[in-house]
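Residue numbering for the sequence shown follows my numbering, starting at 79 and increasing by one per position.
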Amino acid sequence: MRIYLATSTSGVKKEQRKEMIKCCRPLYLLETFYSGEKCCAMVQNDVGTDNFLLDSGAFSYMNGKSITEKQMEEYIEKYICHIKKYNVRYFFEMDVDCIFGLEKVEIWRKKIENQTGIKSIPVWHKSRGIDYFKRMVDEYDYIAIGGFANGDIKKTEYTLINKMVKYANARGTKVHGLGFTQMKHIYDYPFYSVDSSTWCTGVVRGGYLYYFDGKIMKYDIIKNGKKLNLSIMAMRSFSEWVKFQKYLNTRRVV
């Protein structure tokens with residue numbers, strides 16, 4: 079299984095990040111297009127085209143703002159230009175169904191694919207239904223399931239998700255668990271890949287110091303009142319997550 083570490087430019091200073099990447103040598107990274115062209119290009123260069131995932135960043139772009147279709151079209155044009163300029167191989171569609179509707183999302187998906195000459199990674203959401211998931215499996219060899227990070231997919235629904243992933247796998251389609259960071263359950267779900275920014279957000283928001291125990295990620299909570307060097311903690315956390323990443327890379331989760 080591949081675990082893409084997201085937001086590798088967060089939580090540490092520029093020079094610290096350079097040293098962190100050089101020492102840890104991560105296998106797979108994900109970056110959001112909303113972070114900007116230079117940032118995305120740098121992260122892609124860190125691991126190479128085949129090991130880089132580009133997230134559309136559409137929700138970050140729209141966050142708290144009223145975005146028109148015209149503005150979204152302009153954002154998509156920039157997305158297309160970036161994909162072509164840097165030969166991005168794996169990128170997600172603009173899965174903004176809840177704002178503009180699925181029909182518009184499909185139009186934008188085809189536009190991106192037609193202009194780049196590359197199939198995107200479509201993202202299934204519960205609102206699309208099971209039949210649509212099966213259609214995605216029929217039409218694509220790499221798809222994603224969204225809704226984990228925002229809680230749209232409840233833990234009581236994970237059994238169904240497991241069946242869906244197995245359905246796709248049986249038909250030769252790889253599935254990415256978008257924001258799937260349930261580390262206690264990661265071996266129970268046969269995703270081809272998942273992504274996580276927990277290495278950083280856990281440190282910054284909760285004072286979690288992560289470590290790899292040889293099989294799974296665990297953490298210690300730094301006591302309140304203790305002065306924290308968040309940058310150092312983030313670098314330490316990143317190095318431990320890379321160990322986990324390399325361990326998972328040797329395993330086939332079934």
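C-beta: ideal position from N, C-alpha, C; glycine also.
Use the C-beta contact count for residue i: other C-beta atoms within 10 angstroms, 16 or more gives buried, fewer gives exposed.
i, result
"Glu152", "exposed"
"Leu238", "exposed"
"Arg249", "exposed"
"His160", "buried"
"Gly257", "buried"
"Ile185", "exposed"
"Thr328", "exposed"
"Cys176", "exposed"
"Trp115", "For the record, residue 115 in the displayed sequence is Glu; it is not Trp. It counts as exposed."
"Thr146", "exposed"
"Ser315", "buried"
"Ser138", "exposed"
"Ile190", "buried"
"Ile208", "exposed"
"Ile264", "buried"
"Ser144", "exposed"
Look at the Cβ atom of residue i, then the Cβ atom of residue j, and state whether they are nearer than 7 Å.
i, j, result
"Ala134", "Met98", "In the sequence as displayed, the identity of residue 134 is Ser instead of Ala. No; because the gap between Cβ atoms is not below 7 Å, this pair is not in contact."
"Tyr82", "Tyr112", "no"
"Gln122", "Ile158", "no"
"Ser127", "Arg187", "For the sequence presented, residue 127 should be read as Thr rather than Ser. Result no, Cβ atoms of Thr127 and Arg187 do not sit closer than 7 Å."
"Gly255", "Val281", "no"
"Lys252", "Tyr220", "yes"
"Tyr164", "Ala119", "yes"
"Ala222", "Ile199", "yes"
"Thr276", "Thr259", "yes"
"Val201", "Phe170", "yes"
"Met150", "Leu326", "no"
In the DSSP assignment, what are the bridge partners of residue i?
i, result
"Leu253", "Note on residue identity: the sequence assigns Val, not Leu, to residue 253. Partner(s): Ile221."
"Thr110", "Asp133"
"Lys296", "Tyr289"
"Ile81", "Val272"
"Phe169", "Leu132"
Skipping 5 residues on each side, what residues in its chain have a beta carbon closer than 6 Å to that of residue i?
i, result
"Gln323", "Ile81, Leu105"
"Glu318", "Tyr288, Tyr289, Phe290"
"Leu131", "Tyr82, Leu108, Tyr168"
Looking only at its own chain, which residues have a Cβ that is under 8 Å from the Cβ of residue i, when we skip the five neighbours before and after it?
i, result
"Ser309", "Gly89, Val90, Lys91, Gln94"
"Asp230", "His203, Lys204, Gly224"
"Tyr297", "Gly280, Tyr286, Leu287, Tyr288, Tyr289"
"Val320", "Leu83, Cys102, Arg103, Pro104, Leu105"
"Cys117", "Thr87, Glu109"
"Val183", "Glu171, Met172, Asp173, Val174, Asp175"
Please work out which residues of its chain come closer than 7 Å, Cβ to Cβ, to residue i, disregarding the five sequence neighbours upstream and downstream, and give them in chain order.
i, result
"Met261", "Ile294, Met295"
"Asn211", "The question names Asn, but residue 211 in the sequence shown is Phe. Hits under 7 Å: Trp202, Met242."
Alpha helix (DSSP H) segments (min. 4 residues) lying fully within the segment 173-201: 175-178, 180-194
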